[in-house]
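Peer 1:
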Amino acid sequence: MHDVVHVLARSEADDVTVLDGRNGKPSEKKDCKYALVTNFDVTPMRLSNILAENVMALHLLDCSKVELVESSFSFAKGLRVLNIREPSMKKLPGSICQLTQLTYLNLSGCCGLTKLPESFGNLTSMLYINLSGCSGIKSLPKSFGNLTNAVHVNLSGCHGLDDLPQSFCKLRNLEYLDLSFCPCLRELTTALSGLTNLQHLNLSNPCYYSVEHKDHLEQLKDVWIKLTKLQYLNLSMFMNPISCYLPEGESVNCIQSINVLSSLEHLDLSHNIFIVDLPECLGDLSKLHTLHLSGCIRLKRIDKKITEMKCLKNIVLRKCPSLESYTFVVHSDDDGAYDSNIVHLKDVSCRELEISCLEKVTSVKEAKSIRLDQKRKLEKLTLGWTWGFHESFVDDEALLAELVPPQNLLGFELKSYRGTYLPAWLTSISCHLPNLVWVSMEDIPNCSALPPLFLLPNLQQVALRKIARITKVDAGELSGGNSVVLHRYLRFILDDLENLQEFNTIYRSGSEEFMLPIIHELEIQNCPKVKIGTFLSAAQRLQISACDGVMYSLPIRAEQGGHPTAVEASSSSSTSTNSARVTQLVVKDCKVPLGDWSLLHHLPGLRRLEIWNCSDLSGSLENFQVTSSLQALHFYQCNDVTTLPECLGDFTSLRQLAFNGCENIKSLPQSINKLSNLMNLRIWECPELKDWCESEENRRKLANNIQPIYEKF
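Per UniProt numbering, the very first residue in the sequence shown carries number 1; after that it's consecutive.
#1: What is the C-beta distance between asparagine 146 and leucine 127, in whole angstroms, given that I count them as a contact (C-beta under 8 Å)?
#2: Are the CB atoms of serine 332 and threonine 362 nearer to each other than 8 Å?
#3: Buried or exposed: which applies to glutamine 543, given that a residue is buried once 16 or more other Cβ atoms fall within 10 Å of its Cβ?
#4: Look up phenylalanine 73 in the DSSP assignment and say whether it is helix, strand or coil.
#5: Do the CB positions of isoleucine 683 and phenylalanine 651 come within less than 8 Å of each other?
#6: From serine 676 to isoleucine 524, what distance separates their C-alpha atoms?
#7: So within the stretch 641–696, which uninterrupted beta strand (DSSP E) runs reach at least 3 residues, ignoring any that extend past its ends?
#8: In angstroms, rounded to a whole number, what distance separates the CA positions of leucine 285 and lysine 115?
#9: Any idea what DSSP makes of isoleucine 225, helix, strand or coil?
#10: Kindly indicate which residue of Tyr104, Cys647, Asn272, Tyr636 has the alpha-carbon position closest to the one of isoleucine 665.
#11: Determine the extent of the alpha helix (DSSP H) in which tryptophan 612 is found, giving its start and end residues.
#12: With a cut-off of 8 Å on the beta carbons, I'd call tyrosine 478 and leucine 453 a contact; round off their distance for me.
#13: Can you name the start and end residues of the beta strand (DSSP E) that glycine 411 belongs to?
#14: With the cut-off set at 8 Å, would you say isoleucine 96 and phenylalanine 75 are in Cβ contact?
#15: Short of 6 Å in beta carbon distance, which residues of its chain neighbour tryptophan 597, apart from the five on each side in sequence? Order them along the chain.
#16: Suppose you measure from the CA of asparagine 205 to the CA of phenylalanine 238; what does that come to, to the nearest Å?
#17: Give the straight-line distance between the Cα atoms of serine 620 and glycine 649, rounded to the nearest whole angstrom.
#18: Would you grab the beta carbon distance between glycine 21 and asparagine 49 for me? Rounded to a whole angstrom, and I think it's under 8 Å.
#19: Beta-carbon within less than 7 Å of lysine 591's beta-carbon, same chain only, minus the 5 sequence neighbours each way: which residues are those?
#20: Using 10 angstroms around the beta-carbon of proline 645, count the other beta-carbons present and answer buried if the total reaches 16, otherwise exposed.
#21: By Cβ distance below 6 Å, which residues in the same chain neighbour tyrosine 232 in space, the five residues on each side in sequence not counted?
#22: Which partner residues of valine 473 appear in the DSSP bridge assignment?
#23: In terms of residues, what are the limits of the alpha helix (DSSP H) holding tyrosine 552?
#24: Measuring only the C-alpha atoms, how far is serine 573 from arginine 607?
#25: Taking the runs of the alpha helix (DSSP H) that are 4 residues or longer, which of them lie wholly in the stretch 419–451?
#26: Can you tell which of Leu633, Tyr34, Asn234 has its C-alpha closest to the C-alpha of valine 587?
#27: Assuming the contact rule is C-beta atoms closer than 8 Å, lysine 300 and leucine 323 should be a hit. Round their C-beta distance to whole Å, please.
#28: With DSSP as the reference, label asparagine 154 as helix, strand or coil.
#29: Mind checking who glutamate 521 pairs with in its DSSP beta bridge?
#30: With a threshold of 6 Å on Cβ separation, who are the neighbours of lysine 319 within its own chain once the five nearest residues in sequence on each side are excluded?
#31: Are the beta-carbon atoms belonging to asparagine 435 and leucine 410 less than 8 Å from one another?
#32: Is the Cβ-Cβ distance between glutamine 631 and arginine 581 less than 8 Å?
#33: From leucine 185 to aspartate 162, what distance separates their C-alpha atoms?
#34: In terms of residue numbering, what span does the alpha helix (DSSP H) encompassing leucine 188 cover?
#35: DSSP state of phenylalanine 514, grouped into three classes?
#36: Any idea what DSSP makes of glycine 384, helix, strand or coil?
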């Protein structure tokens, strides 16, 4: 192939001799190796009259009136490159098949041509064949399979081509095949099965198809496994003949078989209008760097396994109006010499967008170019850097300042941001993102300030996770120092805040002090330093996980010997009243003995208590106010517990008692008969306890002759 490329290059450069018919017929033959013949209208035309036999490359252009005779090429035995672009040419001279050294033939655009000579297969030196746009050709000669040295065949736009000859599968050296804008060929599977060296295959835009083509195309899944060297596959619009006869969503099955193409680098699935989802197995294509999905108007989502592929550098998603969620991984060269791929987000429109690896962005200009604030369809946005990554091309603070979300955003998540300060659009979040419903901040090592989240009128959930420099969550900061009332349901999550010591719900605005209105759900987990504080007055449902200090510590002000503020003094009963609002308590992964849970002293209105994976249920609950208010008590996965405390009988108001997955609890305590109000006893996956309850003697110990229910709950 190298030699033919060299000859072609020379013939298109300065070495070419131009024979222009407008200058008249040459008086003698031109002795040249590279010739361009143009603007001749002599019919019939004998090339041997104007060219010497040593010509190696011939370009025949704009000779629309010329009719080549059968012997037109018989004189040029050494011709290696032939380029004819004449739409009016109806027949290819038979003498072309005598050019045994011909390696490059370009007949693109010869739409008047209806067939090739039957002896076309005699051109056994042929490497490159371009028949693109030869829409009049109905079939290829049977001898086409004899061109076993061919590495490049372009049949794009051959609309009249009904099928490929069976011999086509003999082209075992073929590396490039373009069948775009061709009919759905009946024997396509057979033709491709022998092309084991194929690297580039274009099957895009089939020009027409019918119901019977569906079965032929589905058989391709048996061919892919043979094309182990295929690097480029273009199936743009190709799946439509299959998918249009399938129920919505099943088209994904037709794509799954592609995952066997282990060498694939470029996959084009654009304009397949029935694709709703992409199979996860495409994420197994370890060399894929480009995935083209533009115009897939029904595409709703892309599996995260695909978007997180390290090899994948570019996903093109223009005109995908149904796209709901998209995880975008930023890629760039290690030295940042070229722009990152974040610029491809400019044309993406979806409801949920996650942008990760932001440290790979190479300039602020790139971030600005995606016009994030103009994506009006966007409802949920996640911006993230790689956790533990210490080097960026752009300062985190400068980059985040440019990634301003649209005002209509409903959910926002910030992950692994390493800046010390937050940008203006976050410190004034209620002005820029007034419609936010939930906010999450996670893995933020250097920033100690929080946005004034409680000024968001529609806020329903806040999650703060792994923010190392946070020592206090202060309602005054969260409200921007303003008097604020949360009118909607709010769930507040504090997770893995290793230095958090206090959650303060009392704050000052001017000369007045305010108390944060009640939070419906407050979850505190993996916060080892936090102690009982004024958060007790803030929650209706309180969940505490792996925070032993909360369970046995005294309230902060009592511990510090402090005096009550004006608010606290004027509402000493108010604190008690608000504490009574904590009606549900969930305790998980606690190692403190049950009898030492001093937190229960401060929850006089508790109605429901769930205990998960707690290892020590010993001790007395005497004088705990919850013993008279609790109505539901559930134990989950307390596998280290074998015996229940006798104080269980002190919960005289208990109506529901449940055990789930407590495999080692053997029996109920003797005091169980004190639970005169118990109406419901549920047991699931507690084999020994179930056996105990099924004993006639033990069943008589249950108050009200209650019958245990052994069903999952």
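C-beta: ideal position from N, C-alpha, C; glycine also.
The model shown is predicted, which means the values in this text are computed figures rather than measured ones.
Peer 2: In short, the structure shows the following:
#1: Actually they do not touch by this definition, with Cβ atoms about 14 Å apart.
#2: yes
#3: buried
#4: coil
#5: no
#6: 34 Å
#7: 656–660, 680–684
#8: 40 Å
#9: helix
#10: Tyr636
#11: Unbroken run through tryptophan 612 is the beta strand (DSSP E), 608–612; no alpha helix (DSSP H).
#12: According to the sequence provided, residue 478 is leucine. The question's tyrosine does not apply to it. The Cβ separation is near 5 Å, so the contact holds.
#13: 411–415
#14: no
#15: Met551
#16: 6 Å
#17: 11 Å
#18: With 8 Å as the limit, glycine 21 and asparagine 49 do not qualify as a contact, their Cβ atoms being about 13 Å apart.
#19: Asp548, Ser615, Asp616
#20: buried
#21: His200, His266
#22: Phe503
#23: 548–552
#24: Residue placement at serine 573 is flagged as unreliable, the pLDDT there being 41, under the threshold of 50; a coordinate-derived value is accordingly withheld.
#25: 424–427, 429–432
#26: Leu633
#27: 6 Å
#28: strand
#29: Arg491, Arg541
#30: Ser294, Gly295
#31: yes
#32: no
#33: 6 Å
#34: 188–193
#35: strand
#36: strand
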